[in-house]
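Protein chains in written order, with our numbering: chain A, 7 to 16; chain B, 2 to 218.
Working notes, structure below.
Laid out in structure tokens, this is it:
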């Protein structure tokens, strides 16, 4: 789950 | 999106703008480390591979991220072009001697050991996080070699450091508001990266107070 790994940041 | 993250990203954009402004107005890249710029290029191109898989219009956040990622990649490539081609004669090659191959190798080894999942994408992401935490080192070493720092160059580094500091506030904020856990990799590297700037901040603020150009001991 990408959401858990701070991948929504830059 | 919270105010700390948005502020951090905006400082990052300002730092890039200052960097390009310095090169364009002085027609010179003196005092700037090409090696740091190359490291940032490597960082962005290994981290933003998801550009190929993510629909920009999926949400407002992915759209924002996509624009920023393209901005960071293209400005980074443009900076390297300016330093290596157009203003090559002003580049301080003699002092920009930091051995970045060791940083890249160390980041690669660390990424192979510490990653969140055993996939190429995840290992490259971890590599980019490790590498980003030390990417400013050649720049700081170059400044230390040459001593006096042009104002605009010191503002550039100050903004970059400020961006990292705001990201820590952002993580603290998200920890409490979104209950995010298990982000040791990004948090740990981000903290190390911010600490690297601490010494620079000290001398920067000192020089601002005295209204003088920044001098590193």
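Note that beta-carbon positions come from the ideal geometry of N, C-alpha and C, so glycine has one too.
- Between the alpha carbons of residue 35(B) and residue 138(B) lies a distance of about 12 Å.
- Partner residues in a beta bridge of residue 141(B), as assigned by DSSP, do not exist.
- Not one beta carbon of chain A lies nearer than 8 Å to the beta carbon of residue 11(B).
- Proximity to residue 179(B) across 185(B), 171(B) and 186(B) peaks at 171(B), based on C-alpha coordinates.
- Among the CB atoms of chain A, none fall inside 8 Å of the CB of residue 87(B).
- Three or more beta-carbon pairs separated by less than 8 Å link the segment 69 to 79 of chain B to the segment 9 to 23 of chain B, which places the two stretches in contact.
- Taking a beta-carbon distance threshold of 8 Å, residue 66(B) counts as an interface residue toward chain A.
- Taking C-beta atoms under 8 Å as the contact rule, residue 148(B) and residue 93(B) fail to qualify, at a distance of about 12 Å.
- The count of Cβ pairs closer than 8 Å, one atom from the segment 89 to 107 of chain B and one from the segment 51 to 62 of chain B, stays below three, leaving the stretches out of contact.
- Excluding sequence positions up to five before and after residue 176(B), its CB lies less than 6 Å from no other CB in the same chain.
- Residues of chain A whose Cβ lies closer than 7 Å to the Cβ of residue 165(B) do not exist; the shortest such Cβ separation is about 12 Å.
- Between residue 88(B) and residue 106(B), the alpha-carbon positions lie close to 29 Å from each other.
- With a threshold of 8 Å between beta carbons, residue 70(B) makes contact with chain A.
- With fewer than 16 neighbouring CB atoms inside 10 Å of its own CB, residue 103(B) falls in the exposed class.
- In the DSSP assignment, residue 150(B) forms a beta bridge with 215(B).
- Only buried fits residue 10(B), as 16 or more other CB atoms lie within 10 angstroms of its CB.
- In this structure, residue 117(B) and residue 186(B) form a Cβ contact; the two beta carbons are roughly 7 Å apart against a cut-off of 8 Å.
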